[in-house]
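Asks: This note's numbering puts the first residue of the sequence shown at 90, with every later residue one more than the last.
Dropping the structure in here first, questions after.
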Amino acid sequence: AQKSVMLFAQREGYAETRLEIPSRGLEPLTQDLILQRGTRIAGVVRDEREQAIAGVEITIEPWPSAFNPPHLRTSEDGTFVLPPLGKGSYVLIAEHPRFLPLRHELALDANGESPTRHLTLVTGHHVGGIVRDEAGLALAGVTISGSVAGKYVERTAETDEQG
Numbered sequence: 090a091q092k093s094v095m096l097f098a099q100r101e102g103y104a105e106t107r108l109e110i111p112s113r114g115l116e117p118l119t120q121d122l123i124l125q126r127g128t129r130i131a132g133v134v135r136d137e138r139e140q141a142i143a144g145v146e147i148t149i150e151p152w153p154s155a156f157n158p159p160h161l162r163t164s165e166d167g168t169f170v171l172p173p174l175g176k177g178s179y180v181l182i183a184e185h186p187r188f189l190p191l192r193h194e195l196a197l198d199a200n201g202e203s204p205t206r207h208l209t210l211v212t213g214h215h216v217g218g219i220v221r222d223e224a225g226l227a228l229a230g231v232t233i234s235g236s237v238a239g240k241y242v243e244r245t246a247e248t249d250e251q252g
């Protein structure tokens, strides 16, 4: 027997509401849901020279919805708008192949409109080389990752047959 039922409510302009209701056998479940207006987050992503960056993938962690996160990318002028978010702590992640990933912390305690977020992505650096074992032989299948300013870069690479 199912012990609970999870309800989700979503509407434009409101933060998603979810509620778990204990199951009562075959007895019908009745429950009021209260939707609260969410905070609208808009932003613009630029590079170090203040040039807009189109195609930056924008994600939020943790994604506060039962529904799949939207696939958000910045427009030609570098702007983006997130769906309304409820109160809480989030991390906005901006990723583009030509730049280092950016993690921007959001602490939302009020609903409504938030100031526009101005995010600056820094050009990534190419690092290359060969991974060898103690005998000097190239090693395939080695996972390589790195960190910048004490934070791990969310991309990895794997060595090929030439190491």
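Here a beta-carbon is modelled for each residue, glycine too, at the ideal position from N, C-alpha and C.
Keep in mind it's a predicted model, so treat the numbers as computed, not measured.
Compare the C-alpha of residue 184 against each of 161, 203, 170 and name the closest.
Replies: The candidate whose alpha carbon is nearest that of residue 184 is 161.
Asks: Would DSSP call residue 203 helix, strand or coil?
Replies: Residue 203: coil per DSSP, three-state reduction.
Asks: Taking the straight line between their C-alpha atoms, what separation do you get for residue 171 and residue 204?
Replies: Approximately 13 Å, taken between the alpha carbons.
Asks: By Cβ distance below 7 Å, which residues in the same chain neighbour residue 125 in space, the five residues on each side in sequence not counted?
Replies: Same-chain partners within the cutoff: 103, 104, 175, 200.
Asks: Using DSSP with H/G/I as helix, E/B as strand and the rest coil, what is residue 263?
Replies: The chain is shown only over 90 to 252; residue 263 falls outside these bounds and no answer can be derived.
Asks: Residue 149 bridges to which residues according to DSSP?
Replies: Bridge partners of residue 149: 181.
Asks: Have a look at residue 133 and residue 148 and give me their C-alpha separation to the nearest angstrom.
Replies: Looking at the two C-alpha atoms, the distance is approximately 14 Å.
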